[in-house]
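Asks: Quick one: this structure, given as structure tokens, is what I'll be asking you about.
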Amino acid sequence: MKKALSIFMMLVLMIGALAACGPKEEENTGSKDNGEKTEDASKPEKLVVWEDKDKSGWLEKVAADFEKEHGVKIEFKEVEMATKMKEQLRLDGPAGTGPDIITLPHDQIGELAVQGHIAELNVSDDVKSTFSESSIGAQSFDGKLYGLPKSAETPVFIYNKALMSEVPATMEDLYEFAKANTKDGKYGFLALWDNFYFAHAPIAGNGGYVFGEKDGALNPQDLGLNNEGAVEGTQYIQNWYTEKLFPNGIIGENGGSAMDGLFNEGKVASVMNGPWAFGGMKDAGIDFGVAPFPKFADGTPMKTFMGVKGWHVSSYSKNQDWAVKFLEYITNDENAKYRFEQTAEVPTNVALVDDPALAENEGAKAVALQTQDAVPMPNIPEMGEVWSPMASALQTVVTGKAKPQEALDSAVKQIEQNIQQNHSK
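Under mature numbering (1 follows the signal peptide of the UniProt record, and there is no 0), read the sequence shown as residues -19 to -1, 1 to 406, first letter to last.
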């Protein structure tokens, strides 16, 4: 178990290799040049924090502790992170009604940094050394640091032990299991494969890719989302729907809630989901196991997306020094461990690698093992042009309205046009 978590910290270096490795220029927020905190900075009455949906419970204790220690109240609310957080910041930030601190997946950092919505951070080397080098790299763009890591994650295979005695040896075995166990409103396996975040696994597993590389950097001019492998992976996805192994109700914006509900009601033997789902499963009383995904019969892995969530300071905040101070506080080893215990999201703090709370946790081990086959989500601004066209393409495929090649060709054409229009220098 400890070895798996150590491998996790090493493999997360893949992200750092495709992102900047830390600030190169003098930053404008946070610590003074000598690394000492600016306690004498104008103390605000409160700081406003936006945390992800269904994830703010842990903040009650930590916010109260911070207020007791520093005399600054923490006001927090939940905003869905993956799709709504950045849009809400774009609206509320300039209007003066936005937060001081937000949380983001690392693939959105480049886009928001270029647009000027998040502030560059200045923290000491001691603070940066708290985290794996790669996770700091994932929070960086163009040589500048824009966030502190909150957690690293990738989707894993989760199964109800009462309905599945052991993890299938291959994805083909899983397919046959699903065919035999999908009936009477119950299902063998479910995944949100109309959502590119999850669909990336079979698409990349079959040879598709988002951006190629050139001179060690991601090349947004090289799209691999309609190549032969991507088409094969999307056809594989379509087969699950054609065989009616997935219900129509798990398509679209509410698909995740529908899938979670079915699993937590004991109607699904296994699902593709992430650490964020563990809490709800425990609350529902499901005896579940967690494992890395089975490979395809030829040994090819399911190449899930890997991401690093982080904490960021809004460039519209009038309290940026204190916002950075709070970021350092909530990501220290003690509070990172507490957040893991409350949310099951795996922190990147190096001191916690051998902590029993993580080392003896089945979910953390599964995440660590799955990262060995995971692909870091690109954090260049052009990634923002990928999600919507791919979601549209996948939804037309899974609903039978288009064939994979046709849908992917249309998506790639739209992505290329958007990149040309929005990112040409």
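Glycine included, each C-beta is placed from N, C-alpha and C at the ideal position.
#1: Go through the region 250 to 305 residue by residue and report every complete run of the alpha helix (DSSP H) that reaches 4 residues or more, in order.
#2: Is the region 266 to 282 in contact with the region 342 to 350, if contact means three or more CB pairs nearer than 8 Å?
#3: Under DSSP, the alpha helix (DSSP H) around ALA392 begins and ends at which residues?
#4: If contacts are defined as beta-carbon pairs under 8 Å, then THR82 and HIS404 qualify, I think. What distance do you get, rounded to the angstrom?
#5: So is ASP302 buried or exposed if we call it buried at 16+ other beta carbons inside 10 Å?
#6: CA-CA distance, GLY166 and LYS248?
#7: Tell me the DSSP secondary structure of GLY230 in three-state form.
#8: Can you find the residues in the same chain that come closer than 7 Å, C-beta to C-beta, to PRO256, ignoring five residues on each side of it along the sequence?
#9: On the DSSP letters alone, give me the boundaries of the alpha helix (DSSP H) that SER132 sits inside.
#10: Can you tell which of ASP314, LEU85, ASN245 and THR352 has its C-alpha closest to the C-alpha of VAL334?
#11: Look at the Cβ atom of residue 411, then the Cβ atom of ALA338, and state whether they are nearer than 9 Å.
#12: Taking the alpha-carbon of SER37 as reference, which of VAL104, GLU213 and VAL60 has the nearest alpha-carbon?
#13: Looking at the unbroken beta strand (DSSP E) that takes in THR84, where does it start and where does it end?
#14: What residues in its chain sit with their C-beta under 8 Å from that of PRO75, if we drop five residues either side in the sequence?
#15: How many Å lie between TRP368 and PHE177 at the Cα?
#16: Assuming ASP203 is part of the beta strand (DSSP E), what are its boundary residues?
#17: Under the DSSP definition of a beta bridge, which residues are partnered with ASP139?
#18: I need the straight-line Cα distance from ALA374 to VAL191, nearest angstrom please.
#19: With LYS290 and THR78 assumed to form a contact (beta carbons below 8 Å), what rounded beta-carbon distance in angstroms separates them?
#20: Relative to the C-alpha of MET262, which residue among PHE277, ASP241, PRO282 and ASP279 is closest?
#21: When the Cα atoms are used, what is the spatial distance from GLY118 to VAL305?
#22: Suppose you measure from the CA of PRO359 to the CA of GLU50; what does that come to, to the nearest Å?
#23: Can you give the Cα-Cα distance for ASP354 and HIS181, rounded to whole angstroms?
#24: Rounded C-beta distance between ASN330 and ALA250? I'm assuming under 8 Å.
#25: Would you grab the beta carbon distance between SER116 and PRO130 for me? Rounded to a whole angstrom, and I think it's under 8 Å.
#26: Distance check for ASP175 and ASP154, CA to CA, integer angstroms please.
Replies: The relevant details are as follows:
#1: 259 to 264
#2: yes
#3: 385 to 404
#4: According to the sequence provided, residue 82 is Ile. The question's Thr does not apply to it. Actually they are not in contact, since the Cβ atoms of ILE82 and HIS404 sit about 27 Å apart, beyond 8 Å.
#5: buried
#6: 7 Å
#7: helix
#8: GLU134, ALA325, GLU326, VAL327, GLY344 and VAL348
#9: From DSSP, SER132 is part of no alpha helix (DSSP H) but of the beta strand (DSSP E) over 129 to 134.
#10: ASP314
#11: The question about residue 411 has no answer here: the residues shown for the chain are numbered -19 through 406.
#12: VAL60
#13: 82 to 86
#14: TYR297
#15: 7 Å
#16: 198 to 205
#17: The displayed chain sequence assigns Ile, not Asp, to residue 139. Paired residues: VAL252 and VAL271.
#18: 14 Å
#19: Not confirmed; about 24 Å, so no contact.
#20: ASP241
#21: 18 Å
#22: 38 Å
#23: 12 Å
#24: Not really, about 34 Å apart at Cβ, beyond 8 Å.
#25: 4 Å
#26: 22 Å
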